[in-house]
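Student: First, the structure itself, so that you have it in front of you.
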Amino acid sequence: HLLLALHLQRCGRASDAREAFRIGVQCDRNSGQLLQAWALFESRQGEMQRAVHLLRRAVRVDRSVMGALRWWAFRNYNRHNNPLARPPCRGRTLASHANKQNDFGI
4 HLLLALHLQR
14 CGRASDAREA
24 FRIGVQCDRN
34 SGQLLQAWAL
44 FESRQGEMQR
54 AVHLLRRAVR
64 VDRSVMGALR
74 WWAFRNYNRH
84 NNPLARPPCR
94 GRTLASHANK
104 QNDFGI
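Numbering (the working numbering), first residue to last: 4 to 109.
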C-alpha cells in the first residue's frame with residue numbers, strides 16, 4: 004500500500020493516494036513507517052492537523068519515528084512562540100526536513 008500511495012501522490016492523485024494510505028493502515032495498524040509516510044503526505048497537502056495526528060499515532064506504534072514528531076514540535080514552538088525565529092524556506096515541508104539527504108545534498 005505504501006508504494007501505491009507514493010506512486011499516486013507522484014501522479015498528482017492526492018485523493019487516491021490518501022485512500023491507499025487509509026486502506027494500508029487498516030490492513031496494518033502497527034506500521035509506523037506507513038503512518039509517518041501518510042503524515043508527510045498530508046503535510047505536503049497543507050493538512051497540518053491531520054499530519055500531526057498521524058505522526059502521533061505513528062510514534063505510539065513505532066518509537067523509531069519519534070524524530071519526525073520532535074522536529075514538528077520544535078518547528079511549531081519556534082513559529083508560534085519566538086518572534087525572532089526564521090520562517091521555514093519556501094516550499095519546505097515536513098518531508099524535506101525529515102529527509103536529511105535533502106538538507107545536506109548527500
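Note that CB positions come from ideal geometry on N, CA and C, so glycine has one too.
How about L58 and A40: do their beta carbons lie closer than 8 Å?
Tutor: No; because the gap between Cβ atoms is not below 8 Å, this pair is not in contact.
Student: In terms of residue numbering, what span does the alpha helix (DSSP H) encompassing C30 cover?
Tutor: Per DSSP, C30 belongs to the alpha helix (DSSP H) from 17 to 30.
Student: Is the beta carbon of A61 closer than 8 Å to that of V115?
Tutor: Past the edges of the chain, shown from 4 to 109, lies residue 115, and the structure says nothing about it.
Student: Measuring straight from C-alpha to C-alpha, what distance separates M51 and L7?
Tutor: Roughly 22 Å separates the two Cα atoms.
Student: In terms of alpha-carbon separation, which member of R63, D65, L38, V64 lies closest to R53?
Tutor: Here the closest residue by C-alpha is L38.
Student: Terminal residues of the continuous alpha helix (DSSP H) containing R66?
Tutor: Where R66 is concerned, there is no enclosing alpha helix (DSSP H), given that its DSSP letter is neither H nor E.
Student: Rounded to a whole number of angstroms, what is the C-alpha to C-alpha distance between V28 and H10?
Tutor: Computed Cα separation, rounded: 17 Å.
Student: How about G35: is its Cβ closer than 7 Å to a heavy atom in the ligand MN?
Tutor: No copy of the ligand MN appears in this structure; indeed no ligand is present at all.
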